[in-house]
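Numbering (the numbering used here), first residue to last: 7 to 1244.
These notes are about the structure you will find just below.
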Amino acid sequence: MDKLKTLLIANRGEIAVRICKTARKLNIKTIAIFSGADAASQHVRDADDAVLLPGGNATAYTDGEAILQIAKDKGADAIIPGYGFLSENAHFARLVTDAGIAWVGPSPEAIEAFGVKHTARELAEAANVPIVPGTKGLVEDEDAAAKEAQRIGFPVMLKATGGGGGMGLITCHKVEEVRDGFRMVQSRGKTLFKNLGVFIEAFYPASHHIEVQVFGNGQGQAIHFGERECSIQRRHQKVIEECPSPFVEKHPELRKKLGDAAVRLAESIKYGSAGTIEYLVDDKSGDFFFLEMNTRLQVEHGITELCYNVDLVELMLKQADARLAGRHGLDGKMLKDMQPSGPIGSAIEARIYAENPLRDYAPSPGLLQKVAWKDVPGSRIDTWVFTGVRITPNYDPLIAKAMVHSQSRDGAIASMKELLFQSSVNGPPTNLEFLASILEDTRFKDGNTMTSFLSDFQYTPYAIDVISAGAYTLVQDLPGRPNVGKGVPHAGPMDPIAFQIANMLVGNPRTTEGLEITLSGPELRFVGPAIVALCGAPMEASLDGKEFPMWANVKIEAGQRLKIGKTTGGGCRSYLAIYGGLPSVADYFGSKSTSPQVAIGGYQGRALAPSDLLKITDKLPETFQSVTVPEHLRPVYKSKWEIMAMVGPHDEGYFEPEFISKIYDTEWKVSHNASRSGIRLIGPVPKWARKDGGEGGSHPSNLVEYGYPLGTLNWTGDDPCIFPVDCPNFGGFTSSTTVIKADWWKLGQIKAGNTIKYIRVGLDDALKKRRWNGHYLDSIEQAISQGGVFGGASKLQGAHCEFHMGEIGKAVLWERPADGNIPQVRYRQGGDDHLLVEYGNENFDLNHRCRVTALENAIHSDATPETIRSNIHNTVGCCTSLLLHYDGTKIPRAYLIAHLQAIESKLGDLRSMKVPTRVFKLPISFESKAQKEATERYMANQRPHAPYLPDNLAFVAKNNAFTPEQLKDIYLRGQFMAVVIGFYCGNTVSLPVDPRQRLSSPKMNPSRVFTPEGTVGWGGSCMSIYPVDSPGGYQMNGRTLPCWDYYFYKPGFGDKPWIFRDFDIITFYQVSEQELDDLLAKFRAGKYQWNYEEIKFDMAEHNALLEQTKEEVREIRKRQAVAQEEMTKAEKESLERWRKEKAGNQVDESTVEKMLDDPNIIGVEAPVDANVWKVEVKEGDTVDGTTVLVILEAMKLEIAVKTPDSIASHGKLTVEKLLVKPADTVSAGGHLMLLRKG
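Structural data, given as structure tokens:
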């Protein structure tokens, strides 16, 4: 290239990616432009430079002035428009050329001439190119249109002269339709193209849409690269294209006629660059007629490139380069010498869209959770997407253009079918199977592909159409993700018993994904036949209006509707198993389970919603035998539950012994805040055995962070909460009584208003009960496999006392006192599958973290017996402890402890150890508009005044006897050791390495409902980096880059979504807010490169520092204690004042619970953690399913809460009691108001 060195690509998506490839081959520097919605698009990463467009997403790519200014600022030599957007905008092309920048495309005059369709017809006619019989020029009104239509002869097509892309076209078969059609086309022309002009052409129903690819040099020479057949169209939009045309292949003399006519037309106007002449070809006579000329690169250009071994984009760039060099275009002789004699082989293109075939192929934006293309010989995928990209509603929902090339058409068809059937594009609905079914149609195989092809083409997917979604319907499989950790929840079904039996009934493996239905269920239309089973808590269910049996397998025919209503008794969850599972749901770390609070897994990372489409198998068993599990063998769902539990990790030393006994003597009430991530209980206030939490915090429930056992009773302050499968994996609150794994299914069935009583058992009891559960499931499965012979099947539940075999045990299973430099170690039990190893006495000490790391590495090393290593699900290392989550049925606890003791005896003194680690250099801005707005919303909607408002950083500084500048200096000079990574989404908790820089700060009370990703916060004794936009309570001190990438496509993440490892060191350098915004844009685009170096952290040097600074640290702590006492007093006063301000309108929880005991009272719950923005009703109002009750504000979104369908079905409803007011904060599942039936 002589002059063209820098190219701006004025487009997005796959065409921008495709242009980048050719530009790179020609050593041309590329500049991408992108909207906010496209920040993660592939073209942004592929380009050498990328610039964010101003304005909204919808208009960004058509803002010609902004794009031209970017080109000037970046020194672009040329602008290439691709197709769509500004590609056929003559005004923009003229602005570009007037600015001295090359326009990679035809001249503005050519664009203008062919942009008006009636003028294009005149040009074609002048070049002796046949045109479709029609009007001479435009028709003025509907009377003239009717007259002309009768002259031409029906059917006719009315066209907007400024139209394109299949828009502004109407086919009419009689005069009356012409009059209505004229008004409609004129209106569309005005709205879409700012052009009222309408003309009329004859319509040929039995015809082909065939186009010829031309290329001209702008000096009167042009060539063609054969034809493409684009007859298969839906709503005048191409679906499948072929090169060469199968019709032309049957009439070989036609290729020369079509090509010669196209070249005549291009040369007649001295066309320069790539263009396409579109023809209508009559199927019967072979006559062809000019339709239009597209003065740009076509979407389907790739199949021409495959058959003619040409790079059309390269030719376009060379033509532009020649013009820049003053040569006016490519050499004519050279161009003419490129004229090919014909195609080589055959190519097919299929346009893959995110669209719903059951909603008239409406666009279906959403998250692409898996993108994997089948590698087929001769294939080419032009795409802009990859796993983790989101299809937005702002643009055309094109995912990819799949192309295959083969020596024969039959070979191309076979390869394309293989590609479509074996590729995975999981997320929102796509047309992959629709395209594949077209290729299987006999007419397509025979080459009879006319424009009417799809008018009578029948396609019905094998799928479930979600009509209504129910209260909370999730995809779950077994066992979920117990092996991942780092803030990826365990997940899986809350009730694995009912879940497994449902799968057994339909003939699936027990672990197969199904639907978890909570409280009230969905209405599902089965587009294809299926075998299903509904097991769990009794629920209303009907199939086409007739009662649907639970605990039985049922064959559902295509077209039938299954409606699952609300629970009718004890329990709150049921499971719908479908034979073959849900094959289109992507897996995430080997599981399809949904963890909606972190938007991981399942269908789009969320609960089902109306219009979702769930693919099901099209291969049902040839025979079907109905089987029903007898009622006496089904689990019993109660309202008063007895749940077996073991001694928890902190039962000793943290609570008074009499309170531990009280835990088992109390009938605990289940709060309305009961979900997959936590089940809050209402009961007695704990009696603590200590006055505070030491370095863990001021409340006796506080601890230095440690890993949470599943099923544990966690105490957040004085409030108890059971942690089920979606709980955070670590935290800093005590844990007592822990539910045994055999009774986890009960946690999935207890609901608000139920009571539970703990039954104390030991390890032997827990394992025996677990074995019994396994025996029960095996016996049920055997009975089902025998056709429903349940005589030998076992029952699930027996008297609890039958299982009491051995000692209850102690919280501390083993301990060894400190010995010189070797710290004290304790092993604490956490149910039958968890063991907590704890070093020291709950003080932050990097020596302990070093030991935790050494122990964790030893456990996962080859020196550990395979029996242990292969049956440890996960480990959670924190500053002073290591939690082991293991399979208690495979590893005897005594054997595990013995192995840990053996490792411990070999670790020795690690105070001089050198630990391999990485030192990261991260940008930090102490100014953040996003954080300022979050604080302003907090003050407006949550708490108006507090010592930490409005400036969190100033508060943290004052709380530690520093000035704000001194605190900033700590961030900029300090090193922060990552002591634990997890909680949710790789939240990174760090501790300053230098003890003189250690701080303490209370968290915000209440927590914010929104924290911007990348927030650097301080809470307790640690710093934390927020990995994603989320709620949070740490004091916001600044902002850096996020440390999480859901689908780990960004550089540095490797095969995991978290960037940091335990013992990594984080350092900061200061940047401005604008500089950070620029880096955030690079991060989101996948262009940011992490800056770190590998080092060895010298524990001996660190311990020498601890010794040298001991006295200085003591003085700092004294000053901090004084400051913290002052700030604690200020916070106490502010909190009391705020609570008094709120008290007048507060309804205490006990009153709510008492009112809910009335069967005529129904609660309306908040769907998410949020602030209350508006309350739209008042007490006494009558409401129904259309009534907006409350508007919430969460994560910068406004959420309108209507009367849920499950409640509205009760008939007349009256607002009995409002429980919230504007500016209140509510938790997911918290009651907003109470409604009275009748």
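Don't be surprised by glycine CBs; every beta carbon is placed ideally from N, CA and C.
- For Thr1193, the closest C-alpha among the options Val1181, Glu1199 and Pro726 is that of Val1181.
- Annotation: the continuous beta strand (DSSP E) that includes Ser548 extends over Met545 to Leu549.
- Closest in alpha carbon position to Gly836, among Ile746, Gly42 and Leu852, is Ile746.
- Counting along the chain, the unbroken alpha helix (DSSP H) around Asn958 starts and ends at Asn958 to Asn965.
- Across the structure, His781 and Val710 are spaced so that their CA atoms are roughly 40 angstroms apart.
- Under the 10 Å beta carbon count, Leu861 is surrounded by 16 or more other beta carbons and is classified as buried.
- Scanning Ala43, Leu336 and Glu207 for the CA closest to the CA of Leu286 turns up Glu207.
- Taking a contact as a CB-CB distance under 8 angstroms, the pair Ser1027 and Glu701 counts as one, their CB atoms being some 6 angstroms apart.
- Look at Ala22 here: in three-state DSSP terms it is helix.
- Look at Pro690 here: in three-state DSSP terms it is coil, with no helix or strand label.
- Taking a cut-off of 8 angstroms on C-beta distances, the stretch 527-540 touches the stretch 570-584, as three or more cross pairs fall below it.
- Considered as a whole, the stretch 819-861 harbours 831-835 and 840-845 as its complete beta strand (DSSP E) runs of no fewer than 3 residues, in chain order.
- With fewer than 16 neighbouring CB atoms inside 10 Å of its own CB, Phe630 falls in the exposed class.
- Just measuring C-alpha positions, the residue of Ser429, Ser421, Ile756 and Asp104 sitting nearest Phe392 is Ser429.
- Here Gly81 is not near Leu373, since their CB atoms are 8 angstroms or more apart.
- By the C-beta density criterion, Gln1041 is buried, having at least 16 other C-beta atoms within 10 angstroms.
- In the DSSP assignment, Gln243 falls within the beta strand (DSSP E) that extends over Gln243 to Cys249.
- In the DSSP assignment, Leu521 is bridged to Val481 and Leu582.
- Taking Glu320 as the centre and dropping the five residues before and after it, the same chain places the C-beta of Thr28 and Leu32 closer than 7 angstroms to its C-beta, in chain order.
- Between the alpha carbons of His124 and Ala268 lies a distance of about 17 angstroms.
- Here Thr859 is buried. Its C-beta has 16 or more other C-beta atoms within 10 Å.
- Closest in C-alpha terms to Gln413, from the list Gly608, Leu438, Tyr314 and Glu1171, comes Tyr314.
- Judged by beta-carbon spacing, Phe1074 lies within the 8 angstroms limit of Ile930, meaning their Cβ atoms are closer than that value.
- The residue from Val1226, Met1133 and Gly1244 with its alpha-carbon nearest to that of Thr1188 is Gly1244.
- Under the three-state reduction of DSSP, Thr1220 is assigned to strand.
- Annotation for Gly195: the continuous alpha helix (DSSP H) segment containing it runs Val181 to Phe199.
- Collapsing the DSSP output to three states places Gln345 in coil.
- Distances from the CA of Gly1025 to each of Phe1016, Phe231 and Met1010 were compared; the closest alpha carbon is that of Met1010.
- Per DSSP, Tyr901 lies in no beta strand (DSSP E); the unbroken alpha helix (DSSP H) holding it starts and ends at Arg899 to Leu913.
- Note that the C-beta distance between Val635 and Ile419 is not below 8 angstroms.
- Note: Gly222 is bridge-paired with Ala228 and Ser279 in the DSSP secondary-structure output.
- In the structure shown, Phe427 falls within a helical segment according to DSSP collapsed to helix, strand and coil.
- Taken through DSSP and simplified to helix, strand or coil, Met1105 comes out as helix.
- Taking 3 residues as the minimum length, the beta strand (DSSP E) runs contained wholly in the stretch 146-172 are 162-166, in order along the chain.
- With respect to the C-alpha of Glu1159, the residue from Lys9, Asn679, Ile176 and His230 having the closest C-alpha is Asn679.
- DSSP places Lys290 outside any alpha helix (DSSP H), giving it a letter other than H or E.
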